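Engineer:
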Amino acid sequence: MGDDAVGRLEGKVAFVTGAGGGIGSEICRQFVKEGARVFVGDIKAEIAAAAAETCGDASVALAGQVDVTTAESVLAGLAHTVQAFGKIDILCNAAGGSTPQDARVTDAPDEEFWRAIKLDLYGTFLVCKHGIPELRKAGGGSIINFSSMVALMSMPERDCYTAAKGGVSSMTRSMAHEYAPDRIRVNAIAPGLTLSERVRHLVESRPEAKATLDQCLLGPCEPIDMAYMALYLGSDESRRVTGQIYAVDSGVTIY
Ligand SMILES: NC(=O)c1ccc[n+]([C@@H]2O[C@H](COP(=O)([O-])OP(=O)(O)OC[C@H]3O[C@@H](n4cnc5c(N)ncnc54)[C@H](O)[C@@H]3O)[C@@H](O)[C@H]2O)c1
4 MGDDAVGRLE GKVAFVTGAG GGIGSEICRQ FVKEGARVFV GDIKAEIAAA
54 AAETCGDASV ALAGQVDVTT AESVLAGLAH TVQAFGKIDI LCNAAGGSTP
104 QDARVTDAPD EEFWRAIKLD LYGTFLVCKH GIPELRKAGG GSIINFSSMV
154 ALMSMPERDC YTAAKGGVSS MTRSMAHEYA PDRIRVNAIA PGLTLSERVR
204 HLVESRPEAK ATLDQCLLGP CEPIDMAYMA LYLGSDESRR VTGQIYAVDS
254 GVTIY
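Numbering (this note's numbering), first residue to last: 4 to 258.
1) Does DSSP put Y258 in a helix, in a strand, or in coil?
2) For C224, does the three-state DSSP call read helix, strand or coil?
3) Can you pull the DSSP bridge partners for G67?
4) Do T245 and V202 have their C-beta atoms closer together than 8 Å?
5) Assign V43 to buried or exposed, taking buried as 16 or more other Cβ atoms, counted over all protein chains shown, within 10 Å of its Cβ.
6) Nearest-angstrom Cα distance between R176 and R209?
7) So does R201 have its beta carbon nearer than 7 Å to some heavy atom of ligand 3?
8) Nearest-angstrom Cα distance between I248 and F149?
9) Does the Cβ of S151 lie closer than 7 Å to at least one heavy atom of ligand 1?
10) Give a single yes or no on whether G170 has its beta carbon closer than 7 Å to a heavy atom of ligand 1.
11) What first and last residue would you give for the beta strand (DSSP E) that runs through L94?
12) Let me know the secondary structure DSSP gives G106 once reduced to three states.
13) Figure out for me which residue from H83, M158, V41 has the closest Cα to the Cα of E13.
14) Using 8 Å as the Cβ pair cut-off and three pairs as the minimum, do the region 213-221 and the region 15-23 touch?
15) Please state whether the Cβ-Cβ distance between A233 and A166 is less than 8 Å.
16) Can you tell me which of the three DSSP states R188 falls into?
17) So if DSSP puts G144 in a beta bridge, which residue, or which two residues, is it bridged to?
18) Tell me where the beta strand (DSSP E) around V16 begins and ends.
19) CB-CB under 8 Å to L236, same chain, minus the five flanking residues each way: which ones, in chain order?
Laid out in structure tokens, this is it:
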């Protein structure tokens with residue numbers, strides 16, 4: 004950007020969870036690059052701090068420990084953000100993910116079902132529940148949830164994660180309707196297999212994941228591909244877009 008250029012998110016404040024991870028950290032970097040100030044929140048304080056450092060100094064990227072499955076922690080993270088930056092315009096719920104313990108329903112451990120529901124679905128619910136009042140105070144805003152290609156197509160051996168991400172997609176649509184009068188837009192990104200560190204390891208241990216990678220029509224997705232979609236959804240360029248689930252998946256879900 005030149006000195007006179009205005010960033011696509013100039014003046015906006017974003018609260019990003021899972022921000023130490025592959026996709027979340029890339030979103031934070033791109034958001035700051037486009038003029039936003041960002042709360043870089045992750046359950047692991049040290050990786051949140053490391054990610055924030057890659058974005059800029061504390062005047063634009065504030066690292067914080069936040070556990071999205073605990074209301075107290077979410078409230079503390081939101082309060083910290085408002086204290087530092089004065090308001091919140093964007094909630095980006097990137098905390099989540101599947102594990103190798105996931106399986107078809109007859110084989111999956113109950114603990115894995117509740118882990119996925121608690122992190123991916125309840126975590127999104129909690130951040131929205133407590134973050135929406137801040138977006139209202141700011142006069143509106145954008146919520147960017149993270150669904151998955153598993154919510155758009157059948158993918159064997161992932162029934163716990165699939166259930167959780169299906170819930171995120173459905174909740175995204177209903178929330179979009181409910182909060183439109185508050186000028187709050189709610190959309191979700193449904194990534195295809197995206198080569199974050201976690202997924203690179205998963206691909207090594209799960210042959211079906213490797214098979215999905217081979218189906219990518221345009222090559223495997225990288226975290227930057229999700230960040231570009233998040234930029235669009237966070238910016239006013241998408242001002243008439245709400246309730247949508249955007250597949251960014253190199254064409255995998257059109258098979
Ligand atoms: N990478 C993919 O292939 C892919 C595909 C579909 C959907 N997604 C979704 O995209 C999002 C980001 O995925 P990623 O690949 O960057 O994962 P990642 O594992 O690299 O990052 C996830 C981050 O969330 C953090 N986290 C875990 N539990 C948390 C909690 N309770 N509170 C706050 N933070 C917590 C982790 O510490 C980690 O830094 C997730 O919601 C994931 O389900 C990813």
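Yeah, the Cβ is synthetic: ideal placement off N, Cα and C, and Gly gets one too.
Note that the coordinates shown come from a computational prediction; the quantities given were computed from them, not determined experimentally.
Structural biologist: Let me lay it out:
1) Along the sequence shown, one-based indexing puts residue 258 at 255. Three-state result, Y258: coil.
2) For this step, residue 224 is matched to residue 221 along the sequence shown. Note: C224 maps to strand in three-state DSSP.
3) To locate residue 67, count along the sequence shown from 1; it is residue 64. In DSSP, G67 forms a bridge with G44.
4) Numbered from 1 along the sequence shown, position 242 holds the residue referred to as residue 245. Numbered from 1 along the sequence shown, position 199 holds the residue referred to as residue 202. It is not a contact, given that the beta carbons lie outside the stated cut-off.
5) Within the sequence shown, numbered from 1, the residue matching residue 43 stands at position 40. Looking at its Cβ environment, which holds 16 or more other Cβ atoms inside 10 Å, V43 is buried.
6) Sequence index remark: in the sequence shown, residue 176 carries index 173 (1-based). Sequence index remark: in the sequence shown, residue 209 carries index 206 (1-based). In a straight line, the C-alpha of R176 is about 31 Å away from that of R209.
7) What this structure holds is ligand 1, not ligand 3.
8) Walking along the sequence shown from the start, residue 248 turns up at place 245. Walking along the sequence shown from the start, residue 149 turns up at place 146. Distance between the alpha carbons of I248 and F149: 9 Å.
9) What you label residue 151 is simply residue 148 of the sequence shown in a count that begins at 1. Result yes, Cβ under 7 Å from ligand 1.
10) Locating residue 170 in the sequence shown gives position 167, where the first residue counts as 1. No.
11) The residue given as residue 94 occupies position 91 in the sequence shown. That run of the beta strand (DSSP E) goes 93-96.
12) The count along the sequence shown starts at 1 and reaches residue 106 at position 103. Sequence inspection shows Ala at residue 106; the Gly mentioned does not correspond to that position. Coil.
13) Numbered from its first residue, the sequence shown carries residue 13 at position 10. That would be V41, whose Cα lies nearest to the Cα of E13.
14) no
15) Within the sequence shown, residue 233 is the residue found at index 230, counting from 1. Within the sequence shown, residue 166 is the residue found at index 163, counting from 1. Their beta carbons are not under 8 Å apart, which means A233 does not touch A166 by this criterion.
16) Indexing the sequence shown from 1 puts residue 188 at position 185. Of the three classes helix, strand and coil, the one that applies to R188 here is strand, per DSSP.
17) Translated into positions along the sequence shown, residue 144 becomes position 141. Note: G144 sits in a beta bridge opposite I187.
18) Looking up residue 16 in the sequence shown gives position 13. Run containing V16: 16-20, per the beta strand (DSSP E) assignment.
19) Here residue 236 refers to the residue found at position 233 when the sequence shown is read from its first residue. Excluding sequence neighbours, L236 sits near S145, I147, R188, N190, I192, V244, Y249.
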